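Please read the structure below before turning to the comments.
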Amino acid sequence: MAPESVNFSSLNYSLPFSSKEPSLTFSWIGFTLIATVLAFMIFKRDPYAHIPAVGGTDMISSYFTAKKFYNRFYEILSIGYAEYKGRIFRVPDQDRWNIIVSRPDQIEELIKAPDDVLSFDEFVNKEFFVKDLMGSTLIENNYHVGIIRSQLTKNLCHLFDDLREEVELAMNDNIPLTDDWTSIHAYSKIVQIIARASNRILVGWPLCRNAEYLQISIDYSASVTKGRDILLYMPACVRPFAVKFLTTVPKSIALAGKHLGPIIKERQAKIDEYGPDYPDKPFDFLSWLMDEATGEERSIPALTNRVLLVNFAAIHTSGMSFAHALYQLAAEPHYLQPMRDEIEAVIAKEGWTKVAMTKMHKLDSFFRESQRYNGSSFVSLFRLSLKDFTFSDGTLIPKGSLLSVANRPIHRDEEKYPNGDKFDGFRFARIRAEDGLNTTHQFVNTSPDYIPFGHGRHACPGRFFAATELKAIMVYLVLNYDVKMENEGVRPPNVTAVWSCMPDVTAHRRRFLTLEEKGTISTIGQGALRFLRRTKLPYLAVCVNAEKGLHDCHIGGSDVPLEEEGFEYNLIVG
227 MAPESVNFSS LNYSLPFSSK EPSLTFSWIG FTLIATVLAF MIFKRDPYAH
277 IPAVGGTDMI SSYFTAKKFY NRFYEILSIG YAEYKGRIFR VPDQDRWNII
327 VSRPDQIEEL IKAPDDVLSF DEFVNKEFFV KDLMGSTLIE NNYHVGIIRS
377 QLTKNLCHLF DDLREEVELA MNDNIPLTDD WTSIHAYSKI VQIIARASNR
427 ILVGWPLCRN AEYLQISIDY SASVTKGRDI LLYMPACVRP FAVKFLTTVP
477 KSIALAGKHL GPIIKERQAK IDEYGPDYPD KPFDFLSWLM DEATGEERSI
527 PALTNRVLLV NFAAIHTSGM SFAHALYQLA AEPHYLQPMR DEIEAVIAKE
577 GWTKVAMTKM HKLDSFFRES QRYNGSSFVS LFRLSLKDFT FSDGTLIPKG
627 SLLSVANRPI HRDEEKYPNG DKFDGFRFAR IRAEDGLNTT HQFVNTSPDY
677 IPFGHGRHAC PGRFFAATEL KAIMVYLVLN YDVKMENEGV RPPNVTAVWS
727 CMPDVTAHRR RFLTLEEKGT ISTIGQGALR FLRRTKLPYL AVCVNAEKGL
777 HDCHIGGSDV PLEEEGFEYN LIVG
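Okay, structure coming up:
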């Protein structure tokens with residue numbers, strides 16, 4: 227028998243979703259997907275359920291709170307700090323929870339946790355794609371951090387003359403002295419001055435004055451930031467190609483290498499011929515890098531990468547810090563004369579040295595207060611949890627969590643800082659005087675109540691250099707300029723983005739030469755006179771210690787040798 231033929235087109239059958247009703251089919255599919263997602267969100271276990279949240283934890287309320295995250299983060303943070311004071315809490319981002327710590331004992335627990343449990347390096351890598359953009363060795367072999375902590379910090383006194391000279395030259399080049407009020411774009415000038423001064427110590431003279439190299443160093447942070455934005459939503463397998471073809475980071479390293487390469491080759495040739503302590507060896511960060519580097523790290527691209535990384539960390543961070551302080555001074559110029567009086571008195575007695583600057587307590591206090599009041603971040607001490615971590619109060623932090631400390635609310639807390647919502651430039655100078663000049667409240671010192679530089683073993687290793695550099699620039703500025711805002715007495719509002727708080731980089735400030743009132747007589751020491759001679763300002767200095775009365779005169783710019791140490795001079799400016 228022949229098999230029975232079947233006409234499939236004549237069969238009468240039905241499916242749950244008939245192809246003859248496509249709109250109904252897609253409706254059922256959509257309904258099923260939505261129901262599945264909602265069921266998953268409702269019934270899945272929330273690993274953060276035990277941690278209180280700002281704005282609620284359900285999908286809708288946390289979404290609307292997260293929408294405020296970009297430009298109202300401080301508002302959300304302050305609500306949580308006030309409502310849950312002393313407790314760990316969380317605030318929502320678009321795609322994660324941010325765990326916030328604020329109690330001093332818990333801050334100490336956070337910074338003492340092992341790096342394989344709560345990791346600062348992995349936070350930095352995840353946030354900025356360091357391994358993808360700049361190479362994994364910068365995190366896995368960060369020997370440059372040890373150099374900053376040891377050689378750089380320990381040798382600041384020996385390096386100070388070079389730093390001071392570069393500050394003076396950079397200030398004169400970028401903000402020439404005039405007899406009239408002049409409006410300038412402050413931030414761009416600040417960055418140029420800091421880049422020059424920093425690179426005098428990083429790579430030495432004359433490269434620190436090379437305009438193209440400086441611009442590469444300044445722009446490198448923008449290259450990394452833009453590169454990070456490009457990689458943000460790319461899978462790991464695509465990132466190496468994206469870095470090479472879509473970002474400017476490799477180009478920046480190559481361009482910087484064109485300038486650093488010949489210097490590195492020359493120094494390496496001398497090491498090969500004469501040994502590591504060859505005659506006239508430059509005393510700078512690059513030399514120390516070359517001393518410590520091994521294997522592939524000795525190559526020009528690798529050394530260049532390290533130098534650019536330190537520039538990335540130094541230039542704009544210090545630039546923002548100085549701009550915050552400068553804007554405050556320009557908006558409240560009544561602080562200028564007391565600082566000038568202190569600086570002149572110290573320089574007259576000590577000269578302008580690194581040690582002398584430690585005795586400028588008002589200057590130190592002004593920077594510390596500026597960081598407290600207008601620090602560049604609302605939160606700090608970032609950590610990424612690589613494992614579950616439990617605080618001593620029983621709060622469990624799940625693996626993969628982002629933690630940070632409520633920096634700004636702590637710094638504005640009335641219990642820690644009376645009138646904390648008011649800028650008080652000499653706040654810490656008074657505290658130090660009351661405490662018998664205790665160094666606890668110096669600009670560079672950290673604590674759970676003062677964390678602009680971080681705290682603990684991951685505190686900013688370059689903060690001692692940064693503080694020295696910032697104060698040197700401010701000393702020169704205070705001695706040589708008056709400053710005020712273009713809109714007098716009004717500081718431009720800060721610009722905020724997520725947890726960053728930046729000075730308005732479009733703001734202008736004014737400057738005016740005013741070392742002394744013209745015709746004023748004062749007594750100065752030889753250190754101050756040496757500084758004054760370098761400024762090439764018109765003055766007359768008359769030695770008063772000589773046995774025969776008027777012994778020696780020095781007109782501005784004179785090369786006449788100074789008297790022996792201990793002599794003083796009457797100074798007439800103008």
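Just so you know, we're using the numbering used here here: the sequence shown kicks off at 227 and counts up by one. Think of the CB as a built atom: it goes at the ideal place given N, C-alpha and C, for glycine as much as any other residue. As the structure is a prediction and not an experimental result, all values here were calculated from the model.
Environment of residue i [buried if 16+ CB atoms lie within 10 Å]
i, result
"K484", "exposed"
"F467", "exposed"
"N713", "exposed"
"E366", "exposed"
"I260", "exposed"
"D510", "buried"
"S596", "buried"
"S618", "exposed"
"A556", "buried"
"V371", "exposed"
CA-to-CA distance, residue j to residue i, given in whole angstroms
i, j, result
"H542", "K575", "34 Å"
"F652", "R566", "13 Å"
"I569", "K496", "42 Å"
"L395", "H276", "58 Å"
"G620", "N633", "23 Å"
"F690", "S591", "15 Å"
"Y439", "K357", "24 Å"
"N537", "A448", "12 Å"
"I444", "P502", "31 Å"
"V429", "T473", "26 Å"
"E301", "Q377", "41 Å"
"F386", "K491", "27 Å"
"D272", "W323", "11 Å"
"I489", "N368", "22 Å"
"R638", "P461", "41 Å"
"I326", "S414", "34 Å"
"T408", "D708", "11 Å"
"F679", "A692", "10 Å"
"P527", "Q418", "24 Å"
"H681", "R329", "14 Å"
"E335", "P505", "48 Å"
Three-state secondary structure (DSSP) of residue i
i, result
"Q686", "The identity of residue 686 in the sequence shown is Cys, whereas the question assumes Gln. Here C686 sits in coil by DSSP."
"V704", "helix"
"P318", "strand"
"F615", "strand"
"S602", "coil"
"A632", "coil"
"A692", "helix"
"L622", "strand"
"A582", "helix"
"A480", "helix"
"E366", "helix"
"A279", "strand"
"Y500", "helix"
"S673", "strand"
"H587", "helix"
"T732", "coil"
"N664", "coil"
"A462", "coil"
"N645", "coil"
Extent of the continuous beta strand (DSSP E) run through residue i
i, result
"V709", "707 to 711"
"S611", "606 to 611"
"C727", "726 to 728"
"W514", "Element bounds for W514: not the beta strand (DSSP E) but the alpha helix (DSSP H), 511 to 518."
"A723", "721 to 723"
Residue i, enclosing alpha helix (DSSP H) - first and last residue
i, result
"T408", "Taken as a continuous stretch (DSSP letters only), T408 belongs to no alpha helix (DSSP H), being part of the beta strand (DSSP E) at 408 to 411."
"A556", "526 to 557"
"R656", "653 to 660"
"G398", "Note that residue 398 corresponds to Asn in the displayed sequence, not to Gly. Element bounds for N398: 382 to 400."
"V469", "465 to 472"
"I444", "437 to 457"
"A308", "299 to 309"
"I325", "Per DSSP, I325 belongs to no alpha helix (DSSP H); it is in the beta strand (DSSP E), 323 to 327."
"E640", "It is not in any alpha helix (DSSP H) - E640 carries neither H nor E in the DSSP assignment."
"I573", "562 to 576"
"Y369", "369 to 373"
Residue i CB to nearest heavy atom of the ligand MG below 7 Å
i, result
"E499", "Among the components of this structure there are no ligands whatsoever, and the ligand MG is therefore not found."
Open item on the list: Quick check on the DSSP output: what are the complete alpha helix (DSSP H) runs of length 4 or more inside the region 335 to 363, in order along the chain?
Closed with: Taking only runs of at least 4 residues, the alpha helix (DSSP H) segments lying wholly in the region 335 to 363 are 346 to 354, 356 to 359.
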